[in-house]
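Asker:
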Amino acid sequence: MTRIETARVKEVIGFNITAIKDAATKLDVNSDLPELEANLSELERAVADLKTSLAGLPFQHSSSV
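In terms of my numbering, the sequence shown opens at residue 7 and continues consecutively.
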């Protein structure tokens with residue numbers, strides 16, 4: 007990947023991670039059940055988006071085992 011492509015990939019991953027962090031901060035033990043379910047659903051969507059972004063990357067898996 008070129009430097010520009012790498013920067014773009016990091017930017018996209020950064021956006022995904024920010025969305026996950028934002029969704030996670032909404033989780034609260036004092037929330038009512040519907041609100042908790044909605045916030046958890048938002049978090050799950052954000053994680054799924056990150057997984058989709060990562061799945062599309064051309065990289066080699068390194069085995070450390």
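Beta carbons are placed, not taken as given, at the ideal position from N, Cα and C, and that holds for glycine.
Because the structure is a prediction, the values reported are computed rather than measured.
Apply the 10 Å Cβ neighbour rule to A52 and answer buried if 16 or more other Cβ atoms are within range, or exposed otherwise.
Answerer: Buried.
Asker: Rounded to the nearest angstrom, what separates K16 and E41 at their Cα positions?
Answerer: Spanning the two alpha carbons is a distance of roughly 32 Å.
Asker: Do the segment 20-30 and the segment 45-64 meet, that is, are 3 or more Cβ pairs less than 8 Å apart?
Answerer: Counting Cβ pairs under 8 Å, three or more are found: they touch.
Asker: If contacts are defined as beta-carbon pairs under 8 Å, then N22 and L56 qualify, I think. What distance do you get, rounded to the angstrom?
Answerer: Yes, N22 and L56 are in contact; Cβ-Cβ is about 4 Å, under 8 Å.
Asker: Should S59 and I19 be called a contact, given that it needs their Cβ atoms to be closer than 8 Å?
Answerer: Result yes, Cβ atoms of S59 and I19 sit closer than 8 Å.
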